[in-house]
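See below for the structure under consideration.
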Amino acid sequence: MRHAMIFILPALVVIASCGDSSVTRTLPNVTGKTGDVLVVMDKQMWDGSPGQAVREQVSPMLISLPQAEPAFTLMPVNPDGFRDIYIAHRNVIQAIIDPGKAKADMTVERNKWAETQYVVTLTAPDTASLARLIRDNGEAIRRGINDAELIRLADWLTNSAGRDRSVLTAGDMKWELVLPAGWKPDFNREGIMMISAETPATTQSVMVSVTDRTTSRLGCIELADLTQKKMSDEVKGPDGGSFMVIEQKAPVSCRSFRRSGTDYIEMRGLWTLEGGFMGGPFISYAFIDSASARAVVVTGFVYAPREEKRELLRQVEALMYTVKKRTE
Numbered sequence: 407m408r409h410a411m412i413f414i415l416p417a418l419v420v421i422a423s424c425g426d427s428s429v430t431r432t433l434p435n436v437t438g439k440t441g442d443v444l445v446v447m448d449k450q451m452w453d454g455s456p457g458q459a460v461r462e463q464v465s466p467m468l469i470s471l472p473q474a475e476p477a478f479t480l481m482p483v484n485p486d487g488f489r490d491i492y493i494a495h496r497n498v499i500q501a502i503i504d505p506g507k508a509k510a511d512m513t514v515e516r517n518k519w520a521e522t523q524y525v526v527t528l529t530a531p532d533t534a535s536l537a538r539l540i541r542d543n544g545e546a547i548r549r550g551i552n553d554a555e556l557i558r559l560a561d562w563l564t565n566s567a568g569r570d571r572s573v574l575t576a577g578d579m580k581w582e583l584v585l586p587a588g589w590k591p592d593f594n595r596e597g598i599m600m601i602s603a604e605t606p607a608t609t610q611s612v613m614v615s616v617t618d619r620t621t622s623r624l625g626c627i628e629l630a631d632l633t634q635k636k637m638s639d640e641v642k643g644p645d646g647g648s649f650m651v652i653e654q655k656a657p658v659s660c661r662s663f664r665r666s667g668t669d670y671i672e673m674r675g676l677w678t679l680e681g682g683f684m685g686g687p688f689i690s691y692a693f694i695d696s697a698s699a700r701a702v703v704v705t706g707f708v709y710a711p712r713e714e715k716r717e718l719l720r721q722v723e724a725l726m727y728t729v730k731k732r733t734e
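Just remember that the numbering used here sits 406 ahead of the position in the sequence shown, which is counted from 1.
Structure, rendered in structure tokens:
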């Protein structure tokens with residue numbers, strides 16, 4: 407139930423991004439739950455190739471979770487019903503068929519009808535070009551919506567923390583991680599720390615470490631080795647004899663990207679207990695600190711055997727990216 411948001415069709419693609427409209431007017435808060443996406447599309451399109459493209463490419467089943475869960479919860483709405491409370495929904499994808507248009511185009515707008523809202527409008531001359539647009543750009547659409555959710559979650563977690571931070575010392579450097587309400591430190595030693603939030607049904611944890619040695623390169627293999635070592639050394643099972651490892655029987659994804667001038671490598675997969683029976687999803691990322699040439703490794707994981715894990719992991723991911731160098 408979403409639209410394509412970035413289009414790189416053979417046709418001319420137009421991406422327009424609005425500025426922050428909240429600067430000039432007061433907007434309501436967004437509605438809907440984290441991970442919900444409102445798709446404004448008539449029933450014929452939703453049941454046809456455009457809707458199928460949205461379901462398959464924008465919200466596929468996530469391979470990094472132990473149970474089948476889609477990337478988002480899609481909520482199709484007929485254009486005639488897109489009014490009132492729907493207007494302020496957190497994530498909106500609009501599909502418009504305009505036979506008079508020569509080429510498909512798209513606009514991305516933030517804060518259009520509500521604060522922090524993310525709106526994608528796709529206009530195409532026919533359903534075939536609309537479906538093609540979605541299929542060609544499904545991953546970009548998915549990442550854009552996910553990034554919008556992560557920003558909202560990071561703001562929420564930071565606000566709940568107030569001034570509370572968990573601070574890691576690694577040589578002459580200090581690194582801080584937002585410590586939200588409900589999260590507690592597990593341990594904090596030279597070069598490594600971990601915090602967790604626990605309920606009777608769930609555990610969410612984030613571990614931050616800095617390598618002892620300098621490094622000039624980080625790839626998927628290096629990140630897997632660093633993650634596995636810290637997992638097995640620091641996270642033990644309830645009996646004390648088991649320890650956390652990366653599940654080798656499940657697929658692991660890895661990607662590199664650049665954010666705010668820093669190169670990251672990120673991995674997603676499943677963890678399990680060697681010698682035990684627990685498991686769940688994890689995310690791990692690393693970057694090289696330019697000042698010390700050491701790798702900073704941040705790993706987040708979830709244990710929730712009877713609960714859906716998509717949003718629990720998304721919260722962990724948002725918290726992981728609040729790590730930053732502490733300036734005194």
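Even for Gly, the Cβ is constructed at its ideal location relative to N, Cα and C.
Residue i to residue j, Cα distance in whole Å?
{"i": "Lys715", "j": "Leu629", "result": "23 angstroms"}
{"i": "Lys655", "j": "Val729", "result": "30 angstroms"}
{"i": "Arg664", "j": "Thr527", "result": "26 angstroms"}
{"i": "Met449", "j": "Ala459", "result": "For the sequence presented, residue 449 should be read as Lys rather than Met. Their backbone Cα atoms lie some 14 angstroms apart in a straight line."}
{"i": "Arg548", "j": "Val464", "result": "5 angstroms"}
{"i": "Asp592", "j": "Met600", "result": "5 angstroms"}
{"i": "Ser615", "j": "Met650", "result": "16 angstroms"}
{"i": "Asp453", "j": "Met481", "result": "13 angstroms"}
{"i": "Ser602", "j": "Ile689", "result": "15 angstroms"}
{"i": "Asp536", "j": "Met447", "result": "Looking at the sequence provided, one finds Leu at residue 536 rather than Asp. Looking at the two C-alpha atoms, the distance is approximately 11 angstroms."}
{"i": "Trp566", "j": "Val584", "result": "Residue 566 is actually Ser in this sequence, not Trp. Distance between the alpha carbons of Ser566 and Val584 is about 9 angstroms."}
{"i": "Leu539", "j": "Asp511", "result": "9 angstroms"}
{"i": "Asp639", "j": "Ser666", "result": "31 angstroms"}
{"i": "Met451", "j": "Glu723", "result": "34 angstroms"}
{"i": "Ile557", "j": "Asp578", "result": "30 angstroms"}
{"i": "Lys636", "j": "Ala520", "result": "42 angstroms"}
{"i": "Leu632", "j": "Arg489", "result": "50 angstroms"}
{"i": "Lys518", "j": "Ala546", "result": "20 angstroms"}
{"i": "Trp589", "j": "Ser622", "result": "34 angstroms"}
{"i": "Val429", "j": "Gly568", "result": "Any answer about Val429 is weak, because its pLDDT of 47 lies below 50 and its placement is not dependable; what the coordinates show is given next. So the two alpha carbons sit approximately 24 angstroms from each other."}
{"i": "Ser455", "j": "Arg541", "result": "10 angstroms"}
{"i": "Thr513", "j": "Pro434", "result": "22 angstroms"}
{"i": "Cys626", "j": "Ala587", "result": "33 angstroms"}
With a 10 Å radius around its C-beta and 16 neighbouring C-beta atoms as the bar for buried, classify residue i as buried or exposed.
{"i": "Arg674", "result": "buried"}
{"i": "Pro606", "result": "exposed"}
{"i": "Met529", "result": "Before going on, a small fix: residue 529 reads as Thr here, not Met. By the 10 Å Cβ count, Thr529 comes out buried."}
{"i": "Gly438", "result": "buried"}
{"i": "Gly441", "result": "buried"}
{"i": "Asn543", "result": "buried"}
{"i": "Val641", "result": "buried"}
{"i": "Ser662", "result": "exposed"}
{"i": "Tyr727", "result": "buried"}
{"i": "Met467", "result": "exposed"}
{"i": "Arg461", "result": "buried"}
{"i": "Gln473", "result": "exposed"}
{"i": "Pro711", "result": "exposed"}
{"i": "Gly457", "result": "buried"}
{"i": "Glu734", "result": "exposed"}
If we call anything under 8 angstroms between Cβ atoms a contact, is residue i one with residue j?
{"i": "Gly643", "j": "Gly681", "result": "yes"}
{"i": "Val708", "j": "Leu719", "result": "yes"}
{"i": "Ile551", "j": "Phe478", "result": "yes"}
{"i": "Val445", "j": "Ile499", "result": "yes"}
{"i": "Ala692", "j": "Leu624", "result": "yes"}
{"i": "Thr617", "j": "Ala701", "result": "yes"}
{"i": "Leu679", "j": "Pro687", "result": "no"}
{"i": "Ala494", "j": "Val436", "result": "yes"}
{"i": "Pro531", "j": "Pro505", "result": "yes"}
{"i": "Asn497", "j": "Val573", "result": "no"}
{"i": "Cys660", "j": "Ile671", "result": "yes"}
{"i": "Ser611", "j": "Gly706", "result": "yes"}
{"i": "Ile469", "j": "Pro657", "result": "yes"}
{"i": "Ala560", "j": "Tyr524", "result": "no"}
{"i": "Arg732", "j": "Glu582", "result": "yes"}
{"i": "Thr608", "j": "Ala699", "result": "no"}
Based on the DSSP secondary-structure assignment, which residues constitute the bridge partners of residue i?
{"i": "Val584", "result": "Arg571"}
{"i": "Gln500", "result": "Val446, Thr527"}
{"i": "Ser435", "result": "Looking at the sequence shown, residue 435 is not Ser but Asn. Answer is Glu521."}
{"i": "Thr705", "result": "Met613, Ser690"}
{"i": "Ala697", "result": "DSSP output for Ala697 lists no bridge partner at all."}
{"i": "Ala366", "result": "Because the chain spans 407 through 734 in this model, residue 366 falls outside it and cannot be assessed."}
{"i": "Lys715", "result": "Answer is none; Lys715 lacks a bridge partner."}
{"i": "Gly685", "result": "Thr678"}
Just to check, is the beta-carbon of residue i closer than 7 angstroms to a non-hydrogen atom of the ligand ATP?
{"i": "Val702", "result": "The ligand ATP is absent from the structure shown, which contains no ligands of any kind."}
Q.
Suppose only complete runs of 3+ residues qualify. What are the beta strand (DSSP E) ranges in the region 589-634, listed by chain order?
A. With a minimum length of 3 residues, the continuous beta strand (DSSP E) runs that stay inside the region 589-634 are 590-595, 598-604, 609-620.
> Which full runs of the beta strand (DSSP E) of 3+ residues lie inside the region 634-679, going along the chain?
Replying inline: Here the runs fully enclosed are 649-652, 659-665.
Notebook entry, point to check: In the region 466-525, which residue ranges form an unbroken beta strand (DSSP E) of at least 3 residues, counting only runs that do not cross its ends?
Noted result: Runs found: 479-483, 497-503, 511-516.
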